[in-house]
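Notes to accompany the following structure.
There are 2 protein chains.
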Amino acid sequence: MSDYDATYQLLCEKAKEASMLATIQELLEWDERTKMPPAGSAYRADQAAYLAGLIHQKQTAPVIGDWLEQLGESPLASDPHSDTGTVIRQLRRDYDKKTKLPQSLVEELTRTAVAGQQVWADARRDNDFTSFQPLLEKTVDLKRQEAAALGFDTTPYDPLLDDYEPGESTANVTRVLRDLRDALIPLVQAIAGSSQRPDVSIISRKYPIAAQKQFGAQVVAAIGFDLRAGRIDETDHPFMVGLGPGDVRLTTRYDEHDFCDGLFSTLHEAGHGIYDQGLPREYFGLPTGEDVSMAIHESQSRMWENQVGRSLSFWEHFYPQAQSAFADPLGDVDLRAFYGAINDVRPSLIRVDADEVTYNLHILIRFELEQALLEDRLQVADLPAAWNEKYQAFLGIEPTNDADGVLQDVHWSAGLFGYFPTYALGNLYSAQFFAQAARDLGDLDAQFCQGEFSLLREWLRKHIHAQGRRYTPAELAERVTGSPLSHQPLMDHLGQKYGELYAL
Amino acid sequence: MSDYDATYQLLCEKAKEASMLATIQELLEWDERTKMPPAGSAYRADQAAYLAGLIHQKQTAPVIGDWLEQLGESPLASDPHSDTGTVIRQLRRDYDKKTKLPQSLVEELTRTAVAGQQVWADARRDNDFTSFQPLLEKTVDLKRQEAAALGFDTTPYDPLLDDYEPGESTANVTRVLRDLRDALIPLVQAIAGSSQRPDVSIISRKYPIAAQKQFGAQVVAAIGFDLRAGRIDETDHPFMVGLGPGDVRLTTRYDEHDFCDGLFSTLHEAGHGIYDQGLPREYFGLPTGEDVSMAIHESQSRMWENQVGRSLSFWEHFYPQAQSAFADPLGDVDLRAFYGAINDVRPSLIRVDADEVTYNLHILIRFELEQALLEDRLQVADLPAAWNEKYQAFLGIEPTNDADGVLQDVHWSAGLFGYFPTYALGNLYSAQFFAQAARDLGDLDAQFCQGEFSLLREWLRKHIHAQGRRYTPAELAERVTGSPLSHQPLMDHLGQKYGELYAL
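Respectively, the protein sequence lines represent chains A and B.
Following the working numbering, the numbering of the first sequence begins with 84 at its first residue and continues without gaps.
Following the working numbering, the numbering of the second sequence begins with 84 at its first residue and continues without gaps.
What follows is the structure, encoded as structure tokens:
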């Protein structure tokens, strides 16, 4: 073995060790959010903080910097997309970002985010923005300091966005999302003006939770989520977490009087889970075995939830099973009426309840506002008014209180700035990948009608999942689809589907 | 703060850090045995091994030896049962035991135990002792090496027993258990000769599992297991684990055609859980907040399972609830018939299925055999014959195959020598404590009839749980009951209860 090879082995072992501690921490968090008894929370917080410190210590050990220095000049790094090149380049990126932040700032950010959860929850409960304002001002200030420590050319939003979308720029995202906004608003208005209205009361009939659980598990197994290497549990705010190769966990929630919330949450998380199960196991714990970015992850969840799970062809296959699982509420409902109801579009105030069409406008509002906050073009005190104004402009409605407005999301209180756009980018990537899959695989609808989902799944596995973190999100999209990120495929999908549904 | 105080603080922090890692490892194990998908097992084993190494490293850091050296001579250690004295003395004991074993032996023991699980499971499945024999020979040899490294005067069994029962001696256990055996065998024979026979078919009627779960949770909550600080899950081999102050987890299993297995497993584990929930939270992670020994732990589980849970007075309170939860199988069964059925005594081959009377004979057989193996008075090759001979002598029955005989328990394959007697000692302590509680608290049966369990529970909390690891098991029993460990209270209990049930 050459010296380079030996150093590379040491580097990989160190990365896998940090990754192992991270999966352990994720088990603690999964347990906290799904199983832990209430009285366990104080000690669990101590355990999590202890592990976070241990992980940070492993990830920022100076010896890693030395090894990366040596390897950066070696033949192992010469092809940046080879196995070794990917590992060296991405660990370099991670190490640099982590070591650029002073320990004191990291601790202050963590403390503020932890305190923020309670302050935000109380403020939301009391519909009292002013009690949240000082904490948000502090958070914005700390995020600006973080951006300054990481360094940027044009806007402090860039290095924060880069945490979630490596290599992506605020300018590019702004351009793409502006195109999306300009195309979406007329579509939303056209739908609002349509005389076609689905009967949405179907969705709030009584769907027994035991049957919802069983049907959800049946559906995700059918699309290819491996339940021998995963499981599904209940929680308040659904999420997916990979705890190791062979252990990928979905969480969801059920409402006896909402067919959509449980099933589409489950499908959404299963989309994330299928990505995780498709990552190359042999590279687990290394960048070659990791996901690309938040938006690419979201593209997978949104594809299975929306492009697949809300399509007519998907339900041509599954609707008979649904009618047999839910004979009472669905026995007298025909497929077209059901399809219309699960695709109801209407402007609403709450992001997480929004439909496939209006959802992106909720994101655009947040993206524009958080950018303005960080660039000091908007003061925190003026945020509620700015929020309401944008809802009026984009969606034609306005919240009557801040609890249903600017206080509805946890993100800002947790210091997550630069995260929101990944939801919209995920939708764009999703449509762009799906359009390419349709070009490569022929008539996907005909496949779905037959309950055939494996061709799409294997296509995703080969072109996206198996690549690990070899490329940036933008590079990956261009490699897979031949085109840069664009709003067009999503608009084509929405225009066609909803044009037909609402007779536009 | 004096230098001693400062050193003591450092020592406590180090102990709490190791304990925090241990609780994290226990969460991994709980998850593995209750939730983890099958494909997750390989990585989980890696995580567990990694954490085990980390914990061992924290526990054996030479600086701990230095601190203990300093503190051993300090005023903080002068009263061995004070808070500080207990911590220093018990950490000294743990440190000495852990550092006496050479790392190579620890690793070999671990490797052999891990390999042993599979070899044993295969041998049991195939009813083939000879395929297990070489591994067991190796294990016995390694345990002798372990005993030698730990040091002993009379028998290598002493230091192994001491792992589970600190300060206990083989000679004393042998004496007490021989008294027990000599009193038990005639009782078992008398019961076998009785013409009274309960109708045990009641127990194997159909008990829907959902109702079993609900009833079990209701019963453990009523006796005082706090479900806000704990939970109950399903597993193959029930266990209890404390994951932190405020997080104590019971596990159990259900068989639709066995009322007793699920309920008494749940009660047994709840007894362990009530002990854990009664340990002083303010000392969590220190010896003053830890349990005394395996046998004292078992005394708590067996008391709630047997002395309380199989008593007539307990069911005078709960039987109406049981009849309403299980109207089909129990509607036509009167309390006395039910009470007889759950207290059926008959010699059997399998330890874990044994009743309250014969159970201890199963333990005695194992205790005598494992002692003989370690003292080289019995060769592994001769073990099956010796096993069968003892079953004939003690219980009057003999296994027709080794799978239901010498291969039935996992313990020896996992290197657990010295562990079996703690089950019998637990039964003895249980009866001895219970008799004392009855002297202190008056008519316990009258209390149970009224659903009043808090007096007993608080008595246990005060006299046993709250003491942490301040005393050895023997010291604690003598302090609480005024007498050394004896077989008499258990025999008094069994003689009276079964004399009445079987009209002896």
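Built from N, CA and C at the ideal position, the CB exists for glycine as well.
Among the options, nearest to residue i - alpha-carbon criterion
{"i": "residue 230 of chain B", "options": "B:224, B:222, B:245 and B:239", "result": "B:239"}
{"i": "residue 380 of chain A", "options": "A:153, A:473 and A:560", "result": "A:560"}
{"i": "residue 147 of chain B", "options": "B:132, B:117 and B:97", "result": "B:97"}
{"i": "residue 387 of chain B", "options": "B:411, B:372 and B:348", "result": "B:348"}
{"i": "residue 579 of chain B", "options": "B:449, B:394, B:120 and B:534", "result": "B:394"}
{"i": "residue 267 of chain A", "options": "A:556, A:526, A:532 and A:510", "result": "A:510"}
{"i": "residue 448 of chain B", "options": "B:462, B:243, B:215 and B:475", "result": "B:475"}
{"i": "residue 219 of chain A", "options": "A:556, A:495, A:558 and A:292", "result": "A:495"}
{"i": "residue 203 of chain B", "options": "B:188, B:222 and B:186", "result": "B:222"}
{"i": "residue 372 of chain B", "options": "B:384, B:382 and B:359", "result": "B:359"}
{"i": "residue 329 of chain B", "options": "A:554, A:131, A:123 and A:552", "result": "A:123"}
{"i": "residue 319 of chain B", "options": "B:468, B:305 and B:336", "result": "B:336"}
{"i": "residue 450 of chain A", "options": "A:260, A:293 and A:163", "result": "A:260"}
{"i": "residue 282 of chain A", "options": "A:479, A:421, A:170 and A:90", "result": "A:421"}
{"i": "residue 93 of chain A", "options": "A:107, A:154 and A:280", "result": "A:154"}
{"i": "residue 305 of chain B", "options": "B:492, B:385, B:453 and B:350", "result": "B:350"}
{"i": "residue 573 of chain B", "options": "B:519, B:87, B:206 and B:169", "result": "B:519"}
{"i": "residue 308 of chain A", "options": "A:361, A:246, A:584 and A:197", "result": "A:361"}
6 Å CB neighbourhood of residue i in its chain, flanking five on each side removed
{"i": "residue 324 of chain A", "result": "109, 113 and 332"}
{"i": "residue 465 of chain A", "result": "none"}
{"i": "residue 286 of chain A", "result": "342, 343 and 424"}
{"i": "residue 264 of chain A", "result": "447"}
{"i": "residue 374 of chain B", "result": "380"}
{"i": "residue 164 of chain A", "result": "553"}
Proximal chain B residues relative to residue i, where beta-carbon distance stays under 7 Å
{"i": "residue 126 of chain A", "result": "327, 328, 329 and 330"}
Under 9 Å by beta carbon: chain B residues contacting residue i
{"i": "residue 133 of chain A", "result": "100, 103, 104 and 107"}
{"i": "residue 111 of chain A", "result": "107 and 110"}
{"i": "residue 411 of chain A", "result": "Those do not exist, as residue 411 of chain A stays about 21 Å from chain B at its closest Cβ, beyond 9 Å."}
{"i": "residue 281 of chain A", "result": "Residues of chain B passing the Cβ test: none, with the nearest at roughly 37 Å."}
Neighbouring residues, chain A, relative to residue i (Cβ below 7 Å)
{"i": "residue 118 of chain B", "result": "314"}
{"i": "residue 136 of chain B", "result": "Those do not exist, as residue 136 of chain B stays about 11 Å from chain A at its closest Cβ, beyond 7 Å."}
Amino acids of chain A, ordered along the chain, whose beta-carbon sits closer than 8 Å to that of residue i
{"i": "residue 272 of chain B", "result": "Per Cβ cutoff of 8 Å: no residues; residue 272 of chain B is ~47 Å from chain A at best."}
{"i": "residue 130 of chain B", "result": "103, 106, 107 and 327"}
Close-in-space but distant-in-sequence residues of the same chain around residue i (CB under 8 Å, 5 per side omitted)
{"i": "residue 390 of chain A", "result": "513, 514, 517 and 576"}
{"i": "residue 244 of chain B", "result": "251, 252, 253, 256, 501 and 504"}
{"i": "residue 457 of chain A", "result": "223, 226, 227, 230, 238, 239, 240, 243 and 500"}
{"i": "residue 294 of chain B", "result": "408 and 409"}
{"i": "residue 433 of chain B", "result": "487 and 491"}
Close beta carbons around residue i, own chain, < 7 Å, minus the five adjacent residues each side
{"i": "residue 538 of chain B", "result": "524 and 530"}
{"i": "residue 484 of chain A", "result": "210"}
{"i": "residue 88 of chain B", "result": "none"}
{"i": "residue 405 of chain A", "result": "298 and 413"}
Neighbouring residues, chain A, relative to residue i (Cβ below 9 Å)
{"i": "residue 121 of chain B", "result": "311, 312 and 329"}
Interface residues of chain B facing residue i [CB-CB closer than 8 Å]
{"i": "residue 114 of chain A", "result": "110 and 114"}
Cβ-heavy atom distance, residue i to the ligand GTP, below 7 Å
{"i": "residue 176 of chain A", "result": "No copy of the ligand GTP appears in this structure; indeed no ligand is present at all."}
- Message: Contact between the segment 477-490 of chain A and the segment 344-360 of chain A is defined here as three or more beta-carbon pairs at a separation below 8 Å; is this criterion met?
- Response: no
- Counting only runs that start and end within the segment 454-538 of chain A, where is the alpha helix (DSSP H) found for 4 or more residues in a row? 466-478, 504-524 and 527-532
- Any chance you could list the alpha helix (DSSP H) runs of at least 4 consecutive residues sitting entirely within the segment 269-296 of chain B, in chain order? none
- Task: Let me know the alpha helix (DSSP H) ranges lying completely inside the segment 343-400 of chain B, each 4 residues or longer, listed in chain order.
- Result: 377-385
- Item | Three or more C-beta pairs below 8 Å linking the segment 532-547 of chain B and the segment 407-418 of chain B | no
- Count the C-beta pairs between the segment 290-302 of chain A and the segment 441-450 of chain A that are closer than 8 Å, then say yes if the count reaches three, no if not. no
- Contact between the segment 307-314 of chain A and the segment 364-384 of chain A: three or more CB pairs below 8 Å? no
- Should the segment 498-506 of chain A be regarded as contacting the segment 557-574 of chain A, the criterion being three or more beta carbon pairs within less than 8 Å? no
- Task: Scan the segment 113-199 of chain A and note each continuous beta strand (DSSP E) run of 3 residues or more that stays entirely inside, going in chain order.
- Result: none
- Message: Would the segment 126-146 of chain B count as touching the segment 173-187 of chain B if we require 3 or more Cβ pairs under 8 Å?
- Response: Yes, the segment 126-146 of chain B is in contact with the segment 173-187 of chain B.
- Tell me, please, whether the segment 393-411 of chain B touches the segment 269-278 of chain B by the rule of three or more beta-carbon pairs shorter than 8 Å. no
- Task: Only counting runs of 4 or more residues, tell me where the alpha helix (DSSP H) segments fall wholly within the segment 224-265 of chain A, in order along the chain.
- Result: For the segment 224-265 of chain A, the continuous alpha helix (DSSP H) assignments of 4+ residues that do not extend past its boundaries occur at 240-247, in sequence order.
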